[in-house]
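FYI, in this note's numbering the residues of the sequence shown are 23 to 258.
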Amino acid sequence: MSIKQSTINIFKDVLHLIYPRICAGCGTPLVKNEDIICLMCYIKLPRTGFNLDKDNPIEKIFWGRVEIEFASSFLYFRKEGLTQQLIHQLKYKNRQDIGIFLGELFALEIKDLMDEKKIDIITTVPLHPAKLLKRGYNQSDSIAQGFAAKSDVIFIPDLIIRNENTSTQTLKKRYERWENMADKFSLNSKYNIENKKILLIDDVITTGATLEACSNIIVKDSNTKISLLSLCYAVH
Ligand SMILES: [Zn+2]
């Protein structure tokens, strides 16, 4: 260990005495070598075990709706469960480090499968501008950042953009009946995704409507393939 590194470690130890690091899952103090969550919470993470299995519940959500290469989720999301506790902090307490951490874990869990799939680009669903303004960040970007780093794939956060609503109130009303989710998003013309394999990453999957809309935009006319991964799967 270099002198510089040991100085950093001493500094970190002192800092932890002043501000003890606590587990984002259960609140107990973290010990050395534990990061974000304690070992007990790490073991207790409710993994789905879906991996990239064909006909897993996430793939089934999209059957008959959009052609996807594969889809899966890492963790079950239950009300007042450990995953909810972690996602709550990621979304509302500025804990982007939790998103990065869980994204890394997810990537490591399915590393071999991802190597087989040869994904070219990772991207996310853009957050609604009002939410982005309030939160300051897109929580799915944090997850994708961690995931991309551990799977050696480029992450492009602004591949899909939200369409600005320029229509007047009257026009809006008139077209309301025909308005669908697909009109809300477009591809960013800055990027050429022809023949590329795109992986769309999201935080929690429920109905899949937003992911479906974004997937349709990607597969529309550029000979691309789309795959979907959500960190969590909300169980009702
Ligand atoms: Zn814990």
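Think of the CB as a built atom: it goes at the ideal place given N, C-alpha and C, for glycine as much as any other residue.
- Nearest to S164 by C-alpha distance, out of T229, C63, E216 and I120, is I120.
- Exclusion of the five residues before and after Q107 leaves G47 as the residues of its chain whose Cβ lies within less than 7 Å of its Cβ.
- Of all C-beta pairs linking the region 170 to 178 to the region 228 to 246, fewer than three are shorter than 8 Å, placing the two stretches out of contact.
- Burial check for M136: the Cβ neighbour count within 10 Å reaches 16 or more, so the residue is buried.
- Relative to ligand 1, M62 has its C-beta within less than 7 Å of a heavy atom.
- Nearest Cα to Y114 within the set K54, Q161, K76 and F128: Q161.
- Cβ contact annotation for I183 (same chain, cutoff 8 Å, sequence separation greater than five): P148, F207, S208, L209 and N210, in chain order.
- D57 and F99 do not touch by the CB rule: their CB atoms are close to 22 Å apart, not below 8 Å.
- Runs of the alpha helix (DSSP H) spanning 4 or more residues and lying entirely within the region 211 to 237 do not occur at all.
- The three-state reading of DSSP puts T70 in coil, since its state is none of H, G, I, E or B.
- Residue pairing by DSSP places D57 opposite I59 in a beta bridge.
- T229 and L74 have their C-alpha atoms roughly 19 Å apart.
- Taking C-beta atoms under 8 Å as the contact rule, L221 and L233 fail to qualify, at a distance of about 12 Å.
- In the DSSP assignment, F177 forms a beta bridge with I144.
- Contact annotation: Q118 and Y64 have beta-carbon atoms that are not nearer than 8 Å.
- Collapsing the DSSP output to three states places A46 in coil.
- The beta carbon of C45 is closer than 7 Å to those of L52, I59, C60 and C63 in its chain, skipping five residues each way along the sequence.
- With a cutoff of 7 Å, I59 counts as near ligand 1, since its C-beta is closer than that to a heavy atom of the ligand.
- By DSSP's assignment, I90 forms no beta bridge with any residue.
- The beta-carbon distance between G71 and E126, rounded to whole angstroms, is 18 Å. This is too long to meet the 8 Å contact definition.
- When distances are taken from the beta-carbon of T105 to the heavy atoms of ligand 1, even the shortest one reaches 7 Å or more.
- Less than 8 Å separates the beta-carbon of T145 from that of L181.
- For L251, no alpha helix (DSSP H) segment is defined; the enclosing uninterrupted segment is the beta strand (DSSP E) at K247 to A256.
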